[in-house]
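Colleague: First residue of the sequence shown? That's 191 in our numbering, and the numbers climb one at a time after it. After the structure tokens below, expect a handful of questions from me.
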Amino acid sequence: ERTTESADWFGPHWFLSGTDGALGNLIIAPRGGSRTPLSPEDITDPFMHGHKLLMNGNAVFKEVVELLPRIVRAAVKYARVPLQEVGCIIFHQMNGRIIDAAEKRLRRYDFKGRVPITIDRFGNTTSASIPLGYATALEEGVIQPGMYVLFVAIGGGLTWSTALMRQGNF
């Protein structure tokens, strides 16, 4: 909708995405896609698990805990916004312990209370956890007009994406 705010005041500012194919074996679906198409037996045979998502949970935890702070720092460096100017970080809610560990690794910037947690109420809602986190932060008054908000998501492959936004007056 129309606004009187200058275009550079609010809305998305920077996006940064990446992948590390060397970590692709941590979260996989062994069957499906063009290389290994699913067969009816893959889905109907209770002993076939090729169509299910498989994850090496311990390895994913270890890698993601190390990766999240690097992604956050890279995103703000790329956007040329000092991390201390980011008022809120909204992580994909894959695991509460991962988010806590990443937040501790960013401790020098004291993000306590500025990283909304929704997994305790909604569980791992995959990609919906980003808008849930944003709505929660708005409802709780964590996000204020003019504040930079950083969105961070991690997925299989291992892939990640960030978006830095400046909150408008709504």
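Even glycine gets a Cβ: it sits at the ideal position worked out from N, Cα and C.
Cα separation between F237 and I217?
Modeller: As a working note, residue 237 is residue 47 in the sequence shown. As a working note, residue 217 is residue 27 in the sequence shown. If I take the Cα positions, the gap works out to 20 Å.
Colleague: Under the rule that 16 or more other beta-carbon atoms within 10 Å means buried, what is I233, buried or exposed?
Modeller: Numbered from 1 along the sequence shown, position 43 holds the residue referred to as residue 233. I233 counts as exposed, since fewer than 16 other C-beta atoms from the protein chains shown sit within 10 angstroms of its C-beta.
Colleague: For L258 and I289, I'd like the C-alpha separation in whole angstroms.
Modeller: Start at 1 with the first residue of the sequence shown, and residue 258 comes out as number 68. Start at 1 with the first residue of the sequence shown, and residue 289 comes out as number 99. One C-alpha to the other measures close to 8 Å.
Colleague: Does DSSP classify A343 as helix, strand or coil?
Modeller: As a first step, residue 343 must be located in the sequence shown, where it is residue number 153. Here A343 sits in strand by DSSP.
Colleague: Any idea if H282 is buried or exposed, counting beta-carbon neighbours within 10 angstroms, 16 or more meaning buried?
Modeller: The count along the sequence shown starts at 1 and reaches residue 282 at position 92. By the neighbour-count rule (16 or more Cβ atoms within 10 Å), H282 is buried.
Colleague: Would F205 and S351 be called neighbours here (beta carbons separated by less than 9 Å)?
Modeller: Sequence index remark: in the sequence shown, residue 205 carries index 15 (1-based). Sequence index remark: in the sequence shown, residue 351 carries index 161 (1-based). Yes, the Cβ-Cβ distance between F205 and S351 is below 9 Å.
Colleague: Expressed to the nearest angstrom, what Euclidean distance is found between the alpha-carbon atoms of H203 and P227?
Modeller: By 1-based counting over the sequence shown, the position of residue 203 is 13. By 1-based counting over the sequence shown, the position of residue 227 is 37. Near 40 Å, if we compare the C-alpha coordinates of P227 and H203.
Colleague: Would you give the residue range spanned by the alpha helix (DSSP H) that R263 belongs to?
Modeller: What you label residue 263 is simply residue 73 of the sequence shown in a count that begins at 1. Counting along the chain, the alpha helix (DSSP H) containing R263 begins and ends at 247-269.
Colleague: Residues in the same chain with beta-carbon distance under 8 Å from I280, minus the five sequence neighbours each way, listed in chain order, please.
Modeller: In the sequence shown, counting from the first residue as 1, residue 280 sits at position 90. Take I280, set aside five residues on each side of it, and the residues of its chain with a beta-carbon closer than 8 Å to its own are V305, P306, I320, G323, Y324, A327, V339, L340, F341, V342, in chain order.
Colleague: What is the residue span of the alpha helix (DSSP H) that G286 lies within?
Modeller: As a working note, residue 286 is residue 96 in the sequence shown. 286-295 is the span of the alpha helix (DSSP H), which, as asked, contains G286.
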